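Take a look at the structure below.
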Amino acid sequence: MVLFLSLFSLIMAIWDNFMLLGIFLLFFILSFDFMKRRRPWSHYPPGPRPLPFIGTILQIDVKNPHLSFMWLSKKYGNVYSLQNFYTNVVVLNGMETVKEALRHKSEDFADRPDFTLQKHLTGNKHGLVLAKYTSAWKEQRRFTLSVLRDFGMGKKSLEWRVAGETEYLCSAFRSEEGHPFDPHYCINNAVSNVICSITFGNRFDYKEKNFQRLLCLSEETLKNAVGFLPQLLEVVPCLLYIPGLVQKAFGSQIAILDYINEVIKVHKETRDASCRRDIIDAFLEEAEKRKEDEKSKFSDPTLSLIIADLFFAGTGTVANTLLWGLLYLVLHPNVQTKVQEEIDEVICKKRSAKMEDQASLPYTRAVIHEIQRCANVSPVALPHMTYRDTVLQDFFIPKGTTVIFNLTSVLKDETMWEKPYNFYPEHFLDGKGQFVKHEAFLPFSAGLRVCLGEQLARMELFLFFTSLLQHFTFCLPENQPKPQEDGCFSSLLAPHPFQIQAFPR
Numbered sequence: 173m174v175l176f177l178s179l180f181s182l183i184m185a186i187w188d189n190f191m192l193l194g195i196f197l198l199f200f201i202l203s204f205d206f207m208k209r210r211r212p213w214s215h216y217p218p219g220p221r222p223l224p225f226i227g228t229i230l231q232i233d234v235k236n237p238h239l240s241f242m243w244l245s246k247k248y249g250n251v252y253s254l255q256n257f258y259t260n261v262v263v264l265n266g267m268e269t270v271k272e273a274l275r276h277k278s279e280d281f282a283d284r285p286d287f288t289l290q291k292h293l294t295g296n297k298h299g300l301v302l303a304k305y306t307s308a309w310k311e312q313r314r315f316t317l318s319v320l321r322d323f324g325m326g327k328k329s330l331e332w333r334v335a336g337e338t339e340y341l342c343s344a345f346r347s348e349e350g351h352p353f354d355p356h357y358c359i360n361n362a363v364s365n366v367i368c369s370i371t372f373g374n375r376f377d378y379k380e381k382n383f384q385r386l387l388c389l390s391e392e393t394l395k396n397a398v399g400f401l402p403q404l405l406e407v408v409p410c411l412l413y414i415p416g417l418v419q420k421a422f423g424s425q426i427a428i429l430d431y432i433n434e435v436i437k438v439h440k441e442t443r444d445a446s447c448r449r450d451i452i453d454a455f456l457e458e459a460e461k462r463k464e465d466e467k468s469k470f471s472d473p474t475l476s477l478i479i480a481d482l483f484f485a486g487t488g489t490v491a492n493t494l495l496w497g498l499l500y501l502v503l504h505p506n507v508q509t510k511v512q513e514e515i516d517e518v519i520c521k522k523r524s525a526k527m528e529d530q531a532s533l534p535y536t537r538a539v540i541h542e543i544q545r546c547a548n549v550s551p552v553a554l555p556h557m558t559y560r561d562t563v564l565q566d567f568f569i570p571k572g573t574t575v576i577f578n579l580t581s582v583l584k585d586e587t588m589w590e591k592p593y594n595f596y597p598e599h600f601l602d603g604k605g606q607f608v609k610h611e612a613f614l615p616f617s618a619g620l621r622v623c624l625g626e627q628l629a630r631m632e633l634f635l636f637f638t639s640l641l642q643h644f645t646f647c648l649p650e651n652q653p654k655p656q657e658d659g660c661f662s663s664l665l666a667p668h669p670f671q672i673q674a675f676p677r
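To convert, note that position 207 of the sequence shown is 379 in the working numbering; the numbers rise steadily by one, no gaps.
Below, the structure written as structure tokens:
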């Protein structure tokens, strides 16, 4: 009995020590967490109180982050702060706030945060979109913009290329013979072919298997880029070394880079120095010129990432905008009729539309702009980071702070638009029915990180849209319920799958 009591006393003493140690460790961890979250800056933007360890991530709906950002702005104002685990984040809302940051203090907000996943997947190499704000990035951006212009961006040569692709798209629509079909695949094929002709040197048949696989991989990559797992891996990068996790979570992105690397390899084997077929040839030519420069960033890994950036940027936004356009037209048949009447009066059916026709098609142009505004395809810009300490609307934002521009709050700013939540083309028309620009129209963002292919996107939207309306009348199948208009978020805001009927005019 005495032995039992002694043993029991020993166990209780050990347990008490463990309890004290546990309490001490918990106190230490919570103190560390508190110190980590302490904001030593005065006039730092306000925000919701962060929870231990995870911060404010539960405040954001990952399926609709732009709506969460707008809801929080009603409580904390247009400039407020969040904490994504231990990362300080400032969110900017509203036209005046975003305009001041992107246009008047563009360089202050020109940097990018570190993307741990990107570094892991690419060996710390960057293309254009996610690269830090450095002299190397400026040089690469200038070069890429120059090459895009060489291959016709903003010129007749590229306009003809887009016009040629509209004929393939119309042929694909015509082959449906008025039966219900999902326009997503045809639209995606057509838009992708435009950027593929510039980057890869050729267009693809809509049924070509490798092409379809590439498009499927790109959509899968966009879906994989959002959600809790990517956020967790960003703050706990050691999880990236769990066997098979990276391949499972980001296999589509790896497959796309493998595909591009194979294309680059073929280009090297077949390149003719006297003829530049595409951007890959132009980059390889520039890399050859700089091969003696040890500081040159014109390397194969950089090239593959730039091509991937151009492919993603040149496909998703335009394709989804056109899909939203078709959806709005079948939901607003009076708008479709009015656009067709204007096109018939100016272009008739004898020729294809040209960019110079825009001036004579004010209503059509207004409808395209309203589709972009209402669709809100890029609701949240990719994260920026402050390049240096700055002050915005009396709030101090230190260097190295991640900054999120909520573009939805600009395109739906209640102080700037007459009917911000309705499809209303008159937003871009004056009293005489002439097209007018709107200062709160920022679908391509602004500043030093403005979309590189904005000119190309505008050209594609106008030529594809007018061509489709010139040749077809669109409507919803009789037995199909009214499509949802809220969209689904996966890096971009896309319409839910829907079917239409395309009747030749």
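Glycine included, each C-beta is placed from N, C-alpha and C at the ideal position. Because the structure is a prediction, the values reported are computed rather than measured.
task = Determine contact between the stretch 587-597 and the stretch 538-558, defined as no fewer than three beta-carbon pairs at a distance below 8 Å.
result = yes
request  = Could you check what DSSP says for Ser214 in three-state terms: helix, strand or coil?
outcome  = coil
query = Within 10 angstroms of its Cβ, does Ala608 collect 16 or more other Cβ (buried), or is it exposed?
reply = It should be pointed out that residue 608 corresponds to Val in this sequence rather than to Ala. With fewer than 16 Cβ atoms within 10 Å of its Cβ, Val608 is classed as exposed.
query = Mind checking Leu230: buried by the 16 CB within 10 Å criterion, or exposed?
reply = exposed
ask   = Taking three-plus beta-carbon pairs below 8 Å as touching, is the stretch 511-529 in contact with the stretch 561-574?
value = no
query = Which term fits Gly219, buried or exposed, when burial requires 16 or more other beta carbons within 10 angstroms of its beta carbon?
reply = buried
key: Straight-line gap, Pro352 to Phe241 (C-alpha atoms, nearest Å)   = 37 Å
inquiry  = Residues in the same chain with beta-carbon distance under 8 Å from Ser245, minus the five sequence neighbours each way, listed in chain order, please.
reply    = Tyr252, Val263, Asn265, Gly266, Asn578 and Ser581
request  = With distances taken Cα to Cα, identify the nearest neighbour of Ser663 among Lys327, Cys520, Thr393 and Glu441.
outcome  = Thr393
Candidates Glu272, Asn296 and Arg284: closest to Tyr305 by CA position = Arg284
query = When we look at the beta-carbon of Asn256 and count the other beta-carbons within 10 Å, is it buried (16 or more) or exposed?
reply = buried
ask   = Rounded to a whole number of angstroms, what is the C-alpha to C-alpha distance between Ile451 and Leu320?
value = 8 Å
ask   = Which one of Glu657, Gly350 and Leu620 has the shortest CA to CA distance from Phe675?
value = Gly350
request  = Run the CB neighbour count on Ser471, radius 10 Å, all protein chains shown included, and call it buried at 16 or more, exposed below.
outcome  = exposed
task = Express the C-alpha separation of Leu274 and Val507 in angstroms, rounding to a whole number.
result = 34 Å
inquiry  = Quick check: the Cα distance between Asp233 and Val398, rounded to an integer number of angstroms?
reply    = 11 Å
Backbone secondary structure at Asp529 - three-state DSSP = helix
task = May I ask you to verify whether the stretch 301-315 touches the stretch 610-617, counting CB pairs closer than 8 Å and requiring at least 3?
result = no
query = Is it a yes or a no for the stretch 481-489 touching the stretch 365-379, going by three-plus beta-carbon pairs under 8 Å?
reply = yes
request  = Consult DSSP for Thr228 and reduce its assignment to one of helix, strand or coil.
outcome  = coil
ask   = In or out: Cys388 buried (at least 16 other Cβ within 10 Å) or exposed?
value = exposed
ask   = Curious, which full-length alpha helix (DSSP H) runs of at least 4 residues does the stretch 448-508 contain?
value = 451-461 and 472-503
inquiry  = Taking 8 Å as the cut-off, is the C-beta of Gly350 nearer than that to any heavy atom in the ligand FAD?
reply    = The ligand FAD is not part of this structure, which contains no ligands at all.
task = Scan the stretch 273-305 and note each continuous alpha helix (DSSP H) run of 4 residues or more that stays entirely inside, going in chain order.
result = 288-294
key: Pair within 9 Å by beta-carbon distance, Cys342 and His541   = no
query = Around the Cβ of Tyr559, are there at least 16 other Cβ atoms within 10 angstroms (buried) or fewer (exposed)?
reply = buried
Within the stretch 606-644, ranges of the alpha helix (DSSP H) (whole runs, at least 4 residues) = 626-643
request  = Label Gly603 either buried or exposed according to how many other C-beta atoms from any shown protein chain fall within 10 Å of its C-beta, with 16 as the threshold for buried.
outcome  = exposed
Backbone CA spacing between Asp377 and Phe383 [nearest angstrom] = 8 Å
request  = Could you check the C-alpha separation between Asn433 and Lys654 for me, to the nearest Å?
outcome  = 43 Å
task = Can you check the stretch 360-434 for any alpha helix (DSSP H) of at least 4 residues that lies completely inside it and give the ranges in chain order?
result = 381-396 and 400-407
key: Gln419 classed as buried or exposed, judged by whether at least 16 other C-beta atoms fall within 10 angstroms   = exposed
ask   = Where does the unbroken alpha helix (DSSP H) through Pro534 begin, and where does it stop?
value = Pro534 to Ala547
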